[in-house]
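In my numbering, the protein residues as written are 103 to 355.
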């Protein structure tokens, strides 16, 4: 009997981290990329398929439960009988730098919606599928969440961003404690710096020096998160068998 096929799903599959993660996971699995606009995933889907992998792009809002229902129904139809091996949440809200007293409640809510609230919807959809894969997957079924420096340290003019990232990290830690005993691995990867992406060209990091941003290939984001799935990275807890401290350590250079 042929072994069961598995796939990885990546929410927030644009340029930068999402693209790097998709490319790395495509070495082992069919990858499904979710993004609100087809132009966010079309190029990477084509690149993976041309290089011998198998990638599928689906237009979906990963923060919306109904949109996720439709997306996963499409996955079920396109990949019948396949199990979910890994789910990556890489969705971010619009990145802005703004003094706290100038922030609007809508801007604050937008960060919460895309980050902890969005992950809530994504995790509720993917966790049941990951639990179904526990007995058959080669590696522990895994949810991976990309964080930022703001996940552990708030900065001036970034209160909205830090609040959302702290919330995302807290929810991830809680899910780790709840689902680790059930066989699902939950990890929060801190990418400690600004990623060099087309949409972030106007953002300044490290006083605007030439190498002040992290290139996805330098950060090796894909390898980092794939290693979290297979258990080849070091955690704050120092023990992958422990549900505590699922943050990954990754310097920018």
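In this text, a Cβ means the ideal position worked out from N, Cα and C, and glycines have one as well.
Residue 172: first and last residue of the uninterrupted alpha helix (DSSP H) it sits in: Residue numbering aside, residue 172 sits at position 70 when the chain shown is read from its first letter. Per DSSP, residue 172 belongs to the alpha helix (DSSP H) from 167-180.
Validate contact between the stretch 175-193 and the stretch 115-123 using beta carbons, cut 8 Å, 3 pairs: Because the criterion of three Cβ pairs below 8 Å is met, the stretch 175-193 and the stretch 115-123 touch.
Pair within 8 Å by beta-carbon distance, residue 253 and residue 292: Mapped onto the chain shown, residue 253 falls at position 151. Mapped onto the chain shown, residue 292 falls at position 190. If you check the CB distance, residue 253 and residue 292 come in under 8 Å.
Span of the beta strand (DSSP E) around residue 146: Residue mapping note: residue 146 aligns to position 44 of the chain shown, counting from 1. Looking at the DSSP string, residue 146 is not in any beta strand (DSSP E); the run it does join, the alpha helix (DSSP H), is 140-152.
Span of the alpha helix (DSSP H), counted from its first residue to its last, around residue 262: The count along the chain shown starts at 1 and reaches residue 262 at position 160. Unbroken alpha helix (DSSP H) run through residue 262: 261-281.
Strand pairing of residue 161, partner residues [DSSP]: Position 59 of the chain shown, counted from the first residue, corresponds to residue 161. In DSSP, residue 161 forms a bridge with 137.
Cutoff 6 Å; reference residue 287; Cβ partners in own chain excluding five residues on either side: Taking the first residue of the chain shown as position 1, residue 287 is located at position 185. Taking C-beta separations shorter than 6 Å and ignoring five residues to either side along the sequence, the partners of residue 287 in its chain run 242, 244, following chain order.
Residue environment, residue 213, which counts as buried when at least 16 other CB atoms sit within 10 Å: Along the chain shown, read from residue 1 onward, the residue named residue 213 stands at position 111. Counting Cβ neighbours within 10 Å, residue 213 comes out buried, since at least 16 surround it.
8 Å Cβ cutoff met for residue 147 and residue 135: Position 45 of the chain shown, counted from the start, is the residue given in the question as residue 147. Position 33 of the chain shown, counted from the start, is the residue given in the question as residue 135. The criterion of a C-beta distance shorter than 8 Å is satisfied by residue 147 and residue 135.
Residue 271 burial status per 10 Å Cβ neighbour count (16 or more: buried): Indexing the chain shown from 1 puts residue 271 at position 169. Burial state of residue 271 is buried, judged by a 10 Å Cβ sphere holding 16 or more other Cβ atoms.
7 Å Cβ shell around residue 274 - same chain, five flanking residues per side excluded: One-based indexing of the chain shown puts residue 274 at position 172. Excluding residues within five positions, the ones whose Cβ falls inside 7 Å are 247, 288, 290, 348.
Beta-carbon separation (whole angstroms), residue 186 vs residue 232, contact threshold 8 Å: Here residue 186 refers to the residue found at position 84 when the chain shown is read from its first residue. Here residue 232 refers to the residue found at position 130 when the chain shown is read from its first residue. The C-beta separation of residue 186 from residue 232 comes to about 6 Å, placing the pair in contact by the 8 Å criterion.
Through-space distance from residue 284 to residue 237, alpha-carbon basis: As a first step, residue 237 is located in the chain shown; it is residue number 135 there, counting from the start. As a first step, residue 284 is located in the chain shown; it is residue number 182 there, counting from the start. Residue 237 and residue 284: Cα-Cα distance of roughly 11 Å.
The stretch 171-184 contacting the stretch 154-162, beta-carbon criterion three pairs below 8 Å: A contact exists between the stretch 171-184 and the stretch 154-162.
Cα-Cα separation, residue 106 to residue 143: Indexing the chain shown from 1 puts residue 106 at position 4. Indexing the chain shown from 1 puts residue 143 at position 41. Using only the alpha carbons, I get a separation of about 26 Å.
Length of the line joining the Cα atoms of residue 201 and residue 110: Here the question's residue 201 lines up with position 99 in the chain shown. Here the question's residue 110 lines up with position 8 in the chain shown. Distance between the alpha carbons of residue 201 and residue 110 is about 38 Å.
Length at least 4, wholly inside the stretch 196-264: the alpha helix (DSSP H) runs in chain order: The DSSP assignment places complete alpha helix (DSSP H) segments of no fewer than 4 residues inside the stretch 196-264 at 207-214, 220-235, in order along the chain.
Delimiting residues of the beta strand (DSSP E) encompassing residue 188: By one-based count along the chain shown, residue 188 stands at place 86. Counting along the chain, the beta strand (DSSP E) containing residue 188 begins and ends at 185-191.
DSSP-derived helix/strand/coil call for residue 286: If you number the chain shown from 1, residue 286 lands on position 184. Under the three-state reduction of DSSP output, residue 286 falls in the coil class, being neither helix nor strand.
Buried/exposed call for residue 177, threshold 16 Cβ in 10 Å: Here residue 177 corresponds to residue number 75 of the chain shown, with the count starting at 1. Result: buried.
Separation of residue 203 from residue 118, as counted between CA atoms: One-based indexing of the chain shown puts residue 118 at position 16. One-based indexing of the chain shown puts residue 203 at position 101. Rounded to whole angstroms, residue 118 to residue 203 spans 31 Å at the Cα level.
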